[in-house]
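Each remark here refers to the structure printed beneath this line.
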Amino acid sequence: MNRRLHVCLTTLILAAWCAPAAPPAAPPAKPAAEAFAGLRLGSDTLKEIEKRVTRREELVGPGKATVEPEENLRAQTYRYTGSFDRDRYVTSTMLYFSSKGELAGYDLFLKGRSTYERYGRELARQFTKTAEDRYEGELADGAFKGAKVTATLTAIGGGKSGYKSYQVEVRCLDILRQDKAASGAGD
18 MNRRLHVCLT TLILAAWCAP AAPPAAPPAK PAAEAFAGLR LGSDTLKEIE
68 KRVTRREELV GPGKATVEPE ENLRAQTYRY TGSFDRDRYV TSTMLYFSSK
118 GELAGYDLFL KGRSTYERYG RELARQFTKT AEDRYEGELA DGAFKGAKVT
168 ATLTAIGGGK SGYKSYQVEV RCLDILRQDK AASGAGD
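If you count the sequence shown from 1, you need to add 17 to reach my numbering.
And the structure:
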């Protein structure tokens with residue numbers, strides 16, 4: 018009797034141990050764009066960002082810029098002399114706000130090829146690659162949930178030393194389009 022019980026238990030244990038694992042689940046769909054470089058488009062406001070600025074760094078602005086010349090989309094601009102996720106390889110950040118103070122886009126200015134590649138991997142993780150160094154996604158939450166976000170990586174020419182710097186542009190033009198429609202500026 019003991020022998021039979023032992024054989025049965027051994028067989029069950031081996032069957033459970035050798036059984037193939039559950040089939041792998043389908044790869045998850047690309048998540049909607051989340052916080053990138055410490056900033057959230059559509060969710061962060063000018064007031065919230067002003068609170069996050071440290072004493073050693075400053076937020077310079079406001080200025081005005083045309084973000085999309087074809088549609089005449091304009092935004093308030095502020096330059097931040099650092100990075101919101103405390104990355105020491107980000108030399109400065111240009112922020113673009115709607116007239117209501119909603120973050121509609123930003124440019125990160127990077128130093129070093131390895132930082133450029135790291136941000137490229139992060140963009141590929143969060144967004145869908147559409148062309149060389151160009152990515153698209155959508156906002157995950159907030160008032161602009163589902164709005165299209167575009168991101169572009171660009172190499173900026175080096176100075177005398179030939180040391181190149183890089184730029185990451187992240188934009189959500191839908192925020193500025195809604196802002197323009199709400200203000201009634203049709204020109």
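For each residue, glycine too, the CB sits at the ideal point set by N, CA and C.
**Message:** Here's the rule: buried if 16 or more other CB atoms are within 10 angstroms of the residue's CB, otherwise exposed. What is Y133?
**Reply:** buried
**Request:** Please report the Cβ distance between T171 and Y183, rounded to the nearest whole angstrom; I am assuming they are in contact, meaning their Cβ atoms lie under 8 Å.
**Result:** 7 Å
**Item:** Continuous beta strand (DSSP E) stretch holding E75: start and end
**Value:** Looking at the DSSP string, E75 is not in any beta strand (DSSP E), and its letter there is neither H nor E.
**Request:** Go to G154, then tell me how far its beta strand (DSSP E) extends in each direction, as first and last residue.
**Result:** R151 to E155
**Item:** Euclidean distance between Cα positions of R151 and T27
**Value:** 56 Å
**Request:** Counting only runs of 3+ residues fully inside the segment 108 to 186, write out the beta strand (DSSP E) ranges in chain order.
**Result:** 120 to 128, 145 to 148, 151 to 155 and 165 to 173
**Request:** Take P48 and list the residues in its own chain whose beta-carbon comes closer than 8 Å to its own, dropping the five residues that flank it on each side.
**Result:** In this prediction, P48 scores a pLDDT of 45, lower than 50, which makes its location untrustworthy; the coordinate-derived value is nonetheless stated afterwards. Once the five neighbours on either side are set aside, the close Cβ partners of P48 are Q143 and A157.
**Request:** Report the rounded CA-to-CA distance for V77 versus E85, giving the unit in angstroms.
**Result:** 22 Å
**Asked** Who are the near neighbours of A46 in its chain, counting only those whose CB is closer than 7 Å to its CB and skipping five residues on each side?
**Response** Low confidence applies here, because A46 scores a pLDDT of 43, under 50, leaving its location unreliable and the question unanswered by this model.
**Message:** For the beta strand (DSSP E) containing L90, name the first residue and the last one.
**Reply:** L90 to Y97
**Asked** If you drop the 5 nearest sequence neighbours on each side, which residues of the same chain put their C-beta closer than 7 Å to that of T147?
**Response** E153
**Prompt:** Shortest alpha-carbon distance to G122 belongs to which of T62, A198 and S200?
**Reply:** T62
**Prompt:** Since S100 is in the alpha helix (DSSP H), which residue starts that stretch and which ends it?
**Reply:** Segment: none, S100 is in no alpha helix (DSSP H) and carries neither H nor E.
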